[in-house]
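Down below is the structure, laid out as structure tokens.
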Amino acid sequence: MVRIAVDLNRCQGYAQCAFLAPEIFTMHGDEALLYDPEPDEALREKLDRAAAACPVQAVLVDAVEPDGVEPHAVDVPAEGVSHAR
Ligand code: SF4
Numbered sequence: 000m001v002r003i004a005v006d007l008n009r010c011q012g013y014a015q016c017a018f019l020a021p022e023i024f025t026m027h028g029d030e031a032l033l034y035d036p037e038p039d040e041a042l043r044e045k046l047d048r049a050a051a052a053c054p055v056q057a058v059l060v061d062a063v064e065p066d067g068v069e070p071h072a073v074d075v076p077a078e079g080v081s082h083a084r
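First residue of the sequence shown? That's 0 in numbering that gives the first Met the number 0, and the numbers climb one at a time after it.
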């Protein structure tokens, strides 16, 4: 699993990321960018491309939680969830 963060103060809604990695980034309306903060490792290549394509480098890959909060119970879209136990 990869940890990502998007600096929404930088993001200008160019949607390059949503174009290159639609599994992770989705545009809602003209400005709102939604993204999966913990995409599957299998999507890393796409993610790297999307991050590299962002004109303002707003996509941070392998971002660390600023306050060290343990990752837990993240709401991920159903289609992205693995139910392996
Ligand atoms: S490519 Fe960068 S600026 Fe464009 S929507 Fe994605 S994060 Fe925002």
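Note that beta-carbon positions come from the ideal geometry of N, C-alpha and C, so glycine has one too.
Is Ala-49 near Ala-20, with beta carbons less than 7 Å apart? As a first step, residue 49 is located in the sequence shown; it is residue number 50 there, counting from the start. As a first step, residue 20 is located in the sequence shown; it is residue number 21 there, counting from the start. Yes, the Cβ-Cβ distance between Ala-49 and Ala-20 is below 7 Å.
Please state the DSSP three-state secondary structure of Leu-7. As a working mapping, residue 7 is identified with position 8 in the sequence shown. When DSSP states are grouped into helix, strand and coil, Leu-7 belongs to the coil group.
What are the boundary residues of the alpha helix (DSSP H) that includes Leu-32? Here residue 32 refers to the residue found at position 33 when the sequence shown is read from its first residue. Careful: Leu-32 lies outside any alpha helix (DSSP H), inside the beta strand (DSSP E) at 31-34.
What are the boundary residues of the beta strand (DSSP E) that includes Leu-46? Mapped onto the sequence shown, residue 46 falls at position 47. First-last for Leu-46: 43-52, but that is the alpha helix (DSSP H), not the beta strand (DSSP E).
Got a sec, what are the start and stop residues for the alpha helix (DSSP H) Ala-17 sits in? Indexing the sequence shown from 1 puts residue 17 at position 18. According to the DSSP assignment, Ala-17 belongs to the alpha helix (DSSP H) that extends over 15-19.
Check whether the Cβ of Ala-20 sits closer than 6 Å to any heavy atom of the ligand SF4, and report yes or no. Reading the sequence shown from its first residue, position 21 is the one you call residue 20. No, Cβ of Ala-20 sits at least 6 Å from all heavy atoms of the ligand SF4.
Cys-94: which of Met-0, Arg-2, Thr-25 sits nearest, CA to CA? Since the displayed the chain opens at 0 and closes at 84, residue 94 lies outside it and no answer follows.
Got a sec: does the ligand SF4 put a non-hydrogen atom nearer than 6 Å to the Cβ of Val-55? Taking the first residue of the sequence shown as 1, we reach residue 55 at position 56. Indeed, a heavy atom of the ligand SF4 lies less than 6 Å from the Cβ.
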